[in-house]
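Asker: Supplied in C-alpha cells, the structure appears directly below.
Residue numbers (my numbering), protein chains in the order written: chain A, 1 to 112; chain B, 1001 to 1116.
Printed below as a string of C-alpha cells:
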C-alpha cells in the first residue's frame, strides 16, 4: 500500500474553509484515495473517495492533481463539530484481503 | 448510526482473564474487520473475515482470535489479558462484494476494554 503523509494537526475558526493535504508519492495506477473522519471515542466514518480530478459530496470536496501524488480534502465553512481526526488512505479497489491502514491522521481543531 | 453494532460497550477485567467481544455487521455486508485503537499505537488493523472465512491478518497477537459465524456476526476473543491490551476495539463491515480494501467500511461504536 502506498504510504501517506499528512500534517499532524491543523487549527481553524468557524466558518473558514479548511484544506488538508495528503502526500502519496508512491500511489499505484489502481489506487483510490479515501478520507475518513474520527471523533473521540467513536469509530472512523467515511467522508469521500476519489481517483482523479475532483469529487464533491454533501460533506466535502476532494481535489486530486493529474499526477495523483497528493490529494486535498476541502471542508467548506467548518463548524465546531468538525473538530476531529482526518485520515487519508490509499489503496486499490481490487486489492482483496488488504484492510485499511490508518496513519496518524490530521487532528483538526476548530475554534469559535 | 452506521448500522454496525458492538457489544459490550465497556468491559473491565483483570490481567490473565479472557473476554469475548461481539460484532454484528450491517445488513447485507459480508466482510467484518477488527481494529484496535490505543493512545500510543493509533488505529491498528487486527483481522478480516469475509463470509465466514479469514481473509487477512494484521497485527493480531497469538493470544487473540476471531471468527465469523454463519449469520455473519463476528466475535473477537482476547485471552491471557495484559495491561497493554486496554484499548478501544472497533469492528467494521463492508460489502456485499468481495471485501476489497477500498470499499467503504462502516465502523461500529467500539468496545472499550480496561484491563486492571
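C-beta: ideal position from N, C-alpha, C; glycine also. Computed from a predicted model, the values in this text were never measured in an experiment.
(1) Pull up the DSSP beta-bridge partners for residue 1014 of chain B, would you.
(2) Hey, could you find the ends of the beta strand (DSSP E) residue 1066 of chain B is sitting in?
(3) Under 8 Å Cβ-Cβ, which residues of chain A neighbour residue 1003 of chain B?
(4) Tell me which same chain residues have a C-beta within less than 6 Å of the C-beta of residue 34 of chain A, skipping the five on either side of it?
(5) Pull up the distance between the alpha-carbon of residue 111 of chain A and that of residue 46 of chain A, whole angstroms please.
(6) Could you confirm whether any beta carbon from chain B is found closer than 7 Å to the beta carbon of residue 16 of chain A?
(7) Could you tell me which of B/1092, B/1048, B/1043 sits nearest to residue 1066 of chain B, measuring between CA atoms?
(8) Given that a residue counts as buried once 16 or more other Cβ atoms are within 10 Å of its Cβ, and exposed if not, what is residue 36 of chain A?
(9) Just how far apart, CA to CA, sit residue 13 of chain A and residue 65 of chain A?
(10) Under a three-way DSSP split, which group does residue 1116 of chain B fall into?
(11) Select from the stretch 1069 to 1092 of chain B all residues with a C-beta closer than 9 Å to any C-beta belonging to chain A, and list them in chain order.
(12) Rounded to the nearest angstrom, what separates residue 16 of chain A and residue 1064 of chain B at their Cα positions?
(13) Three or more C-beta pairs under 8 Å: does that hold for the stretch 22 to 33 of chain A against the stretch 1009 to 1018 of chain B?
(14) Quick one: grab the DSSP three-state call for residue 91 of chain A.
(15) Specify the secondary structure class of residue 1039 of chain B as computed by DSSP and reduced to three states.
(16) Quick check on the burial criterion: 16 or more other C-beta atoms within 10 angstroms. Buried or exposed for residue 1006 of chain B?
(17) Which of the residues in the stretch 48 to 74 of chain A, read from start to end, lie with their CB under 9 Å from any CB of chain B?
(18) Quick one, which residues of the stretch 1030 to 1055 of chain B are near chain A if we go by CB-CB under 7 Å, in chain order?
(19) Answer yes if the stretch 1081 to 1089 of chain B comes into contact with the stretch 99 to 106 of chain A, meaning at least three C-beta pairs across the two stretches below 8 Å, and no otherwise.
Answerer: So, to answer that:
(1) Counting from 1 along the second chain, the entry for residue 1014 of chain B is found at position 14. According to DSSP, which records beta bridges pairwise, residue 1014 of chain B is partnered with nothing at all.
(2) Reading the second chain from its first residue, position 66 is the one you call residue 1066 of chain B. Its beta strand (DSSP E) spans residues 1064 to 1068.
(3) Start at 1 with the first residue of the second chain, and residue 1003 of chain B comes out as number 3. Per Cβ cutoff of 8 Å: no residues; residue 1003 of chain B is ~12 Å from chain A at best.
(4) Along the first chain, one-based indexing puts residue 34 of chain A at 34. Here the set comprises 49, 89.
(5) Numbered from 1 along the first chain, position 111 holds the residue referred to as residue 111 of chain A. Numbered from 1 along the first chain, position 46 holds the residue referred to as residue 46 of chain A. Using only the alpha carbons, I get a separation of about 23 Å.
(6) Locating residue 16 of chain A in the first chain gives position 16, counting from the first residue. Answer no: the Cβ-Cβ gap between residue 16 of chain A and chain B never drops below 7 Å.
(7) Position 66 of the second chain, counted from the first residue, corresponds to residue 1066 of chain B. Considering only alpha carbons, the answer is B/1048.
(8) Within the first chain, numbered from 1, the residue matching residue 36 of chain A stands at position 36. Buried, because 16 or more other Cβ atoms sit within 10 Å of the Cβ of residue 36 of chain A.
(9) If you number the first chain from 1, residue 13 of chain A lands on position 13. If you number the first chain from 1, residue 65 of chain A lands on position 65. In a straight line, the C-alpha of residue 13 of chain A is about 27 Å away from that of residue 65 of chain A.
(10) Position 116 of the second chain holds residue 1116 of chain B. Residue 1116 of chain B: coil per DSSP, three-state reduction.
(11) 1088, 1090, 1091, 1092
(12) Taking the first residue of the first chain as 1, we reach residue 16 of chain A at position 16. Taking the first residue of the second chain as 1, we reach residue 1064 of chain B at position 64. Cα-Cα distance, rounded: 45 Å.
(13) no
(14) On the first chain, residue 91 of chain A is found 91 positions in, with the first residue counted as 1. Of the three classes helix, strand and coil, the one that applies to residue 91 of chain A here is strand, per DSSP.
(15) The residue labelled residue 1039 of chain B in the question sits at position 39 within the second chain. Reduced to three states, the DSSP call for residue 1039 of chain B is coil.
(16) Taking the second chain and counting its residues from 1, one reaches residue 1006 of chain B at position 6. Answer is buried; the Cβ neighbour count reaches 16.
(17) 49
(18) 1033, 1042, 1043, 1045, 1048, 1055: these are the residues of the stretch 1030 to 1055 of chain B whose beta carbon lies less than 7 Å from some beta carbon of chain A, given in chain order.
(19) no
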